[in-house]
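Residue numbers (this note's numbering): 12 to 453.
For glycine and all other residues, C-beta sits at the position ideal for the given N, C-alpha and C.
What follows is a single structure, written as structure tokens, with notes after it.
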Ligand code: SF4
Ligand code: SF4
């Protein structure tokens, strides 16, 4: 599928959906409707948060990621494991076991994304020191939170820190270093992120803040979990190993980005606030928008509960994974990149660590291009909303009465989709029929 036509990584398996409305109420951006007995997703509103994947008992909502076989499109393959991957396995004493397992699965090299997180932390610390930077700065790590800001809080777009995500930084560095070391061309090298969420898969196809992603694909943790587990067992049986380059491994602080609060800790900012879960993030963004957090300098918002360890396409329970990561990093270095070394000296990436374009608002569900027509439609929405019962029951297939009123005026729904209005009309009609039959009898 071309990058242009690819809008989202969260999709519906129509054959499995029973139209139960379970997902309707949980969508943070009211992107879901039930029409003709099945769920549909409004593309402009969806932020790929994966809430609907978690709640659907029928497994009708799916995350579209790349199969492991897609790495074979490239002569050389580099795995970029999200730090969350390290929380998925029991008795993992050090992360080199994971790297060796990935190399046995067909990758030529492994570049730990927490190395990218270390670079991103340093770049954010520099931004925070600037007297002209907006307050609070908002983390750019979670693509779902950026999309949420595009859709619902466009006035906060300038607060998003213009530093690329650890995944992007890691991919750019990994490819550059691999090409230099082995004397190969960049187009021969494929970089694949091992992802805990669908949101990152979308961010690869529709990059945020830069034209083209350095990542060539996203393979879900859940897809590789079984194969990687068996590779880890083989490793314990003493089979020959390919070693990972130690310079490709991040610090304890970089790995800590996998859980909520890890980024704030890594950037060493006392006036930072870390919030997880898309609804909670949304509430705090509202507070920021209304200027109710004037002392806040940095906001780390992550769509998944617990942070990336709670992603919708991971294997392990969020709390278990979080605890494993906490234990795993005990023996790892915790030093930040020295402030006396220029960032470019560490990365060799120049401006590629930063955004090269602004993030634009998404004009979701514009009522009309013509301003006076839009005003008329707004009045009509208000009229329709007053007719509706205000119960927000969802049985009409829209998440709230307000959303149904908007859907009716846009022509996507009918007044009688509201079951209470329907019941009212039916009883009025029945009454009229009784009156008519009495009149005709007289
Ligand atoms: S939760 Fe949503 S996607 Fe799943 S069966 Fe119910 S309506 Fe369909
Ligand atoms: S992924 Fe999130 S935003 Fe998109 S439809 Fe599902 S719940 Fe709504």
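Cβ neighbour criterion (16 or more within 10 Å) applied to residue i
i: residue 385; result: exposed
i: residue 26; result: exposed
i: residue 196; result: exposed
i: residue 242; result: buried
i: residue 339; result: buried
i: residue 24; result: exposed
i: residue 451; result: exposed
i: residue 440; result: exposed
i: residue 52; result: buried
i: residue 330; result: exposed
i: residue 355; result: exposed
i: residue 275; result: buried
i: residue 76; result: buried
i: residue 6; result: Outside the displayed range of the chain (12 to 453) lies residue 6, so it cannot be described from this structure.
i: residue 382; result: exposed
i: residue 21; result: buried
i: residue 142; result: exposed
i: residue 301; result: exposed
i: residue 199; result: exposed
i: residue 70; result: exposed
Cβ-Cβ distance between residue i and residue j below 8 Å
i: residue 375; j: residue 66; result: no
i: residue 326; j: residue 233; result: yes
i: residue 312; j: residue 286; result: yes
i: residue 87; j: residue 189; result: yes
i: residue 224; j: residue 290; result: no
i: residue 174; j: residue 365; result: yes
i: residue 379; j: residue 388; result: yes
i: residue 62; j: residue 38; result: yes
i: residue 44; j: residue 403; result: no
i: residue 324; j: residue 209; result: yes
i: residue 113; j: residue 124; result: no
i: residue 126; j: residue 50; result: no
Residues bridged to residue i (per DSSP)
i: residue 218; result: For residue 218, which the question treats as bridged, DSSP gives no partner whatsoever.
i: residue 88; result: 201
i: residue 45; result: 50
i: residue 228; result: 203
i: residue 287; result: 313
i: residue 72; result: 23
Distance cut-off 7 Å: residue i Cβ against heavy atoms of ligand 4
i: residue 413; result: Ligand 4 is not part of this structure, which contains only ligand 1 and ligand 2.
(request) Give, in chain order, every unbroken run of the beta strand (DSSP E) that is at least 3 residues long and sits entirely within the segment 291–374. (result) 309–313
(message) Below 8 Å, how does it come out for the segment 105–113 and the segment 156–173: are there three or more Cβ pairs, yes or no?
(response) no
(message) Counting beta carbon pairs with one atom in the segment 261–273 and one in the segment 129–136, are three or more of them shorter than 8 Å?
(response) Yes, since at least three Cβ pairs between the segment 129–136 and the segment 261–273 fall closer than 8 Å, the two stretches touch.
(request) Could you tell me which uninterrupted beta strand (DSSP E) segments, each at least 3 residues in length, are contained entirely in the segment 113–149, listed from first to last along the chain? (result) none
(message) Does the structure place the segment 208–216 close enough to the segment 164–174 that three or more beta carbon pairs sit under 8 Å?
(response) no
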